[in-house]
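Numbering (full-length UniProt numbering), first residue to last: 51 to 288.
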Ligand code: NYM
Ligand code: MG
């Protein structure tokens with residue numbers, strides 16, 4: 051082996067309710083990283099372009115009905131079918147900014163009443179994110195932002211349940227590794243959030259081995275803070 055160190059990309063996931071602002075934060079982050087001369091791609095789940103993705107899309111648009119377990123497994127299968135391409139990209143040095151991943155899978159399905167451990171199981175073996183950022187917006191606030199579309203799940207009452215289940219994941223698994231949460235309600239501006247995301251994106255590549263998601267994987271990734279919350283904490287501890 052030479053001393054040439056392979057530099058891999060970072061796997062960064064943004065999570066949150068519908069209308070929490072994930073998609074725009076994701077594209078801002080990708081543009082920023084590209085502007086820095088880094089290789090970065092925007093990915094999203096569900097990826098509706100595949101055969102599985104089309105089944106998911108039909109379900110979400112109410113063009114088809116599926117048993118809750120069945121659609122849960124399709125969402126997971128949709129991540130599995132992309133796993134090897136994700137791995138290839140990461141190994142070749144491309145950072146992936148991913149709009150929803152396993153946490154959406156578990157939060158949305160368990161919010162319907164499915165057993166949370168059953169929901170987590172099919173995620174085992176997917177690639178573990180280096181970072182999961184949860185965009186913390188209240189369901190009411192999210193609903194006010196231009197309103198929801200016609201898709202299944204885009205109802206205030208259900209989003210409230212989803213928020214509770216994200217919180218269960220957060221408390222049960224994320225806690226030990228949590229730095230903080232991006233709170234886009236608190237008046238933190240988007241530029242602060244972008245700056246923190248960008249910093250993390252820079253930090254989380256460079257030779258670190260890719261890990262597989264396993265049983266407690268949903269606790270492996272960090273949730274990051276807004277720049278403002280971090281500054282506040284730093285000030286408090288000094
Ligand atoms: N969703 C998304 C799930 O229920 N499980 C999953 O695993 C994933 C990735 O699909 N309301 C839900 C969350 C959304 C919906 O996603 C469509 P988007 O980001 O709105 O296209
Ligand atoms: Mg949506």
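Here a beta-carbon is modelled for each residue, glycine too, at the ideal position from N, C-alpha and C.
Assumed close pair residue i, residue j - CB separation to whole angstroms, cut-off 8 Å
i: residue 160; j: residue 215; result: 5 Å
i: residue 248; j: residue 64; result: Their Cβ separation, rounded to whole angstroms, is 13 Å, which puts residue 248 and residue 64 out of contact at 8 Å.
i: residue 169; j: residue 148; result: That pair is no contact at about 19 Å.
i: residue 146; j: residue 91; result: 6 Å
i: residue 172; j: residue 219; result: With 8 Å as the limit, residue 172 and residue 219 do not qualify as a contact, their Cβ atoms being about 15 Å apart.
i: residue 244; j: residue 82; result: 6 Å
Buried or exposed (CB count within 10 angstroms, at least 16 for buried), residue i
i: residue 128; result: buried
i: residue 71; result: buried
i: residue 126; result: buried
i: residue 202; result: exposed
i: residue 206; result: exposed
i: residue 68; result: buried
i: residue 111; result: exposed
i: residue 77; result: exposed
i: residue 186; result: buried
i: residue 86; result: exposed
i: residue 89; result: exposed
i: residue 84; result: exposed
i: residue 60; result: buried
i: residue 154; result: buried
i: residue 199; result: exposed
i: residue 103; result: buried
i: residue 175; result: exposed
i: residue 121; result: buried
i: residue 54; result: Bear in mind that the predicted position of residue 54 carries a pLDDT of just 40, short of 50, making it unreliable; the figure below should be weighed with that in mind. Looking at its Cβ environment, which holds fewer than 16 other Cβ atoms inside 10 Å, residue 54 is exposed.
i: residue 301; result: Nothing in the structure corresponds to residue 301, since the chain is present only between 51 and 288.
### Message
Tell me whether the region 136–143 and the region 106–119 touch, counting them as touching only if at least three CB pairs, one residue from each stretch, are closer than 8 Å.
### Response
no
### Message
Runs of 4 residues minimum, wholly inside the region 65–135: which ones carry the alpha helix (DSSP H) assignment?
### Response
72–85, 101–110, 118–130
### Query
For the region 180–194 against the region 205–213, are there 3 or more C-beta pairs whose distance is under 8 Å?
yes
### Message
I want to know whether the region 89–101 touches the region 177–186 - three or more CB-CB distances under 8 Å.
### Response
no
### alpha helix (DSSP H) segments (min. 4 residues) lying fully within the region 188–221
189–194, 206–219
### Query
In chain order, which beta strand (DSSP E) runs of at least 3 residues are fully inside the region 151–192?
181–184
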